[in-house]
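Using my numbering, the first residue of the sequence shown is number 3, and each one after it goes up by one.
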Amino acid sequence: MQTGKFDRYASILFALLGATFLIESRNISKSAYGSEVGPNVFPFLLGLILILLSVKLFLESLKNIQKEKKKTDELQIKRFVIILLASIFYAGTIEMLGYIISTFLFLYVSFQAMERGSWIKNGIVALAFSFFVYFLFVVVLEGSLPGMPIWLS
(Lines of atoms letter the chains of each structure in order from A and count residues from 1; the text may use other names and numbers.)
(Lines give C-alpha, C1' and ligand atoms only; values in the text may rest on other atoms or scores of the structure.)
Protein backbone atom coordinates (compact mmCIF):
# COMPACT_ATOMS: atom_id res chain seq x y z
CA MET A 1 0.00 0.00 0.00
CA GLN A 2 1.36 3.41 -0.92
CA THR A 3 2.05 5.92 1.82
CA GLY A 4 -0.50 8.42 0.43
CA LYS A 5 -3.29 5.87 0.47
CA PHE A 6 -2.31 4.70 3.93
CA ASP A 7 -2.34 8.29 5.21
CA ARG A 8 -5.80 8.89 3.75
CA TYR A 9 -7.25 5.75 5.31
CA ALA A 10 -5.51 6.44 8.61
CA SER A 11 -6.81 10.02 8.68
CA ILE A 12 -10.38 8.81 8.17
CA LEU A 13 -9.97 6.19 10.90
CA PHE A 14 -8.52 8.74 13.33
CA ALA A 15 -11.27 11.25 12.52
CA LEU A 16 -13.87 8.60 13.36
CA LEU A 17 -11.99 7.79 16.57
CA GLY A 18 -11.92 11.51 17.45
CA ALA A 19 -15.65 11.77 16.81
CA THR A 20 -16.19 8.81 19.13
CA PHE A 21 -14.18 10.59 21.83
CA LEU A 22 -16.32 13.72 21.37
CA ILE A 23 -19.57 11.78 21.61
CA GLU A 24 -18.55 9.57 24.51
CA SER A 25 -17.06 12.46 26.51
CA ARG A 26 -20.59 13.82 26.84
CA ASN A 27 -21.48 10.70 28.86
CA ILE A 28 -18.86 11.48 31.52
CA SER A 29 -19.96 13.61 34.46
CA LYS A 30 -19.34 17.33 34.01
CA SER A 31 -17.56 18.06 37.30
CA ALA A 32 -15.28 16.38 39.77
CA TYR A 33 -15.00 17.05 43.48
CA GLY A 34 -12.44 19.78 44.19
CA SER A 35 -11.73 20.57 40.55
CA GLU A 36 -13.02 23.27 38.25
CA VAL A 37 -12.21 21.10 35.26
CA GLY A 38 -14.36 18.01 34.93
CA PRO A 39 -13.16 14.61 33.77
CA ASN A 40 -14.99 15.10 30.47
CA VAL A 41 -12.73 17.95 29.32
CA PHE A 42 -9.64 15.98 28.29
CA PRO A 43 -11.46 13.30 26.27
CA PHE A 44 -13.42 16.06 24.52
CA LEU A 45 -10.27 18.07 23.73
CA LEU A 46 -8.41 14.92 22.67
CA GLY A 47 -11.22 14.07 20.25
CA LEU A 48 -11.27 17.60 18.86
CA ILE A 49 -7.49 17.68 18.36
CA LEU A 50 -7.58 14.22 16.79
CA ILE A 51 -10.22 15.33 14.29
CA LEU A 52 -8.30 18.51 13.39
CA LEU A 53 -5.05 16.62 12.91
CA SER A 54 -6.87 14.00 10.82
CA VAL A 55 -8.21 16.69 8.51
CA LYS A 56 -4.69 18.11 8.16
CA LEU A 57 -3.27 14.65 7.40
CA PHE A 58 -6.01 14.00 4.84
CA LEU A 59 -5.35 17.30 3.06
CA GLU A 60 -1.59 16.69 3.05
CA SER A 61 -2.08 13.21 1.61
CA LEU A 62 -4.17 14.68 -1.20
CA LYS A 63 -1.46 17.28 -1.84
CA ASN A 64 1.19 14.54 -2.06
CA ILE A 65 -0.87 12.64 -4.60
CA GLN A 66 -1.19 15.73 -6.78
CA LYS A 67 2.59 16.15 -6.79
CA GLU A 68 2.98 12.53 -7.92
CA LYS A 69 5.68 11.72 -5.48
CA LYS A 70 8.17 9.40 -7.19
CA LYS A 71 10.13 8.35 -4.16
CA THR A 72 8.19 5.95 -1.96
CA ASP A 73 8.67 6.26 1.76
CA GLU A 74 9.50 3.15 3.72
CA LEU A 75 7.47 2.31 6.78
CA GLN A 76 9.43 3.24 9.84
CA ILE A 77 8.67 0.14 11.91
CA LYS A 78 11.63 0.64 14.25
CA ARG A 79 10.48 4.15 15.16
CA PHE A 80 6.92 2.93 15.61
CA VAL A 81 8.01 0.15 18.00
CA ILE A 82 10.17 2.55 20.03
CA ILE A 83 7.32 5.05 20.42
CA LEU A 84 4.84 2.25 21.19
CA LEU A 85 7.10 0.89 23.96
CA ALA A 86 7.64 4.42 25.28
CA SER A 87 3.86 4.90 25.39
CA ILE A 88 3.37 1.68 27.35
CA PHE A 89 6.16 2.69 29.75
CA TYR A 90 4.56 6.14 30.12
CA ALA A 91 1.13 4.72 30.93
CA GLY A 92 2.64 2.32 33.46
CA THR A 93 4.82 4.84 35.29
CA ILE A 94 2.81 8.07 35.36
CA GLU A 95 1.51 7.42 38.88
CA MET A 96 4.88 6.24 40.22
CA LEU A 97 7.09 8.91 38.61
CA GLY A 98 4.55 11.72 38.44
CA TYR A 99 3.31 13.63 35.42
CA ILE A 100 6.32 15.86 34.78
CA ILE A 101 9.03 13.18 34.92
CA SER A 102 7.12 10.50 33.03
CA THR A 103 5.92 12.94 30.36
CA PHE A 104 9.44 14.31 29.94
CA LEU A 105 10.86 10.78 29.49
CA PHE A 106 8.11 9.81 27.04
CA LEU A 107 8.52 12.94 24.92
CA TYR A 108 12.31 12.79 24.99
CA VAL A 109 12.41 9.17 23.80
CA SER A 110 9.74 9.86 21.16
CA PHE A 111 11.53 12.96 19.87
CA GLN A 112 14.83 11.07 19.73
CA ALA A 113 13.16 8.26 17.78
CA MET A 114 11.84 10.78 15.26
CA GLU A 115 14.89 13.05 15.02
CA ARG A 116 18.09 11.46 16.29
CA GLY A 117 21.00 13.68 17.19
CA SER A 118 19.50 16.87 18.55
CA TRP A 119 19.31 15.65 22.14
CA ILE A 120 19.69 19.09 23.78
CA LYS A 121 16.89 20.65 21.73
CA ASN A 122 14.68 17.60 22.28
CA GLY A 123 15.36 17.68 26.01
CA ILE A 124 14.51 21.37 26.30
CA VAL A 125 11.29 21.01 24.30
CA ALA A 126 10.19 17.91 26.26
CA LEU A 127 10.91 19.55 29.61
CA ALA A 128 9.25 22.85 28.68
CA PHE A 129 6.15 21.07 27.36
CA SER A 130 5.88 18.91 30.49
CA PHE A 131 6.08 21.90 32.83
CA PHE A 132 3.79 24.06 30.67
CA VAL A 133 1.00 21.49 30.49
CA TYR A 134 1.32 20.70 34.22
CA PHE A 135 1.17 24.41 35.09
CA LEU A 136 -1.73 25.05 32.72
CA PHE A 137 -3.84 22.15 33.94
CA VAL A 138 -3.04 22.22 37.68
CA VAL A 139 -2.56 25.92 38.39
CA VAL A 140 -4.63 27.71 35.77
CA LEU A 141 -7.48 25.22 35.30
CA GLU A 142 -7.29 23.93 38.89
CA GLY A 143 -7.30 20.30 37.79
CA SER A 144 -5.26 17.48 39.23
CA LEU A 145 -2.37 15.48 37.79
CA PRO A 146 0.10 13.21 39.56
CA GLY A 147 2.76 15.49 41.05
CA MET A 148 6.37 14.73 41.82
CA PRO A 149 7.01 11.30 43.34
CA ILE A 150 7.22 11.07 47.13
CA TRP A 151 10.64 9.40 47.02
CA LEU A 152 12.07 12.44 45.18
CA SER A 153 11.00 15.05 47.76
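All C-beta atoms, glycine included, are put in the ideal place defined by N, C-alpha and C.
- Taken through DSSP and simplified to helix, strand or coil, residue 124 comes out as helix.
- With fewer than 16 other Cβ atoms from the protein chains shown falling within 10 Å of its own Cβ, residue 79 counts as exposed.
- Inter-residue distance for residue 29 and residue 46 is about 11 Å (C-alpha atoms, whole angstroms).
- Taking the CA atoms as reference points, residue 129 sits about 11 Å from residue 101.
- Excluding sequence positions up to five before and after residue 114, its CB lies within less than 7 Å of the CB of 121 and 124, all in the same chain and listed in chain order.
- Judged by their CB atoms, residue 111 and residue 88 are nearer to each other than the 8 Å cut-off.
- Between residue 132 and residue 105, the gap from beta carbon to beta carbon is short of 8 Å.
- One Cα belongs to residue 81, the other to residue 60, and the distance between them is close to 22 Å.
- For the 8 Å CB-CB criterion, residue 52 and residue 20 form a contact.
- Separation of the CB atoms of residue 16 and residue 49 is rounded to 10 Å, and the pair is thereby denied contact status at 8 Å.
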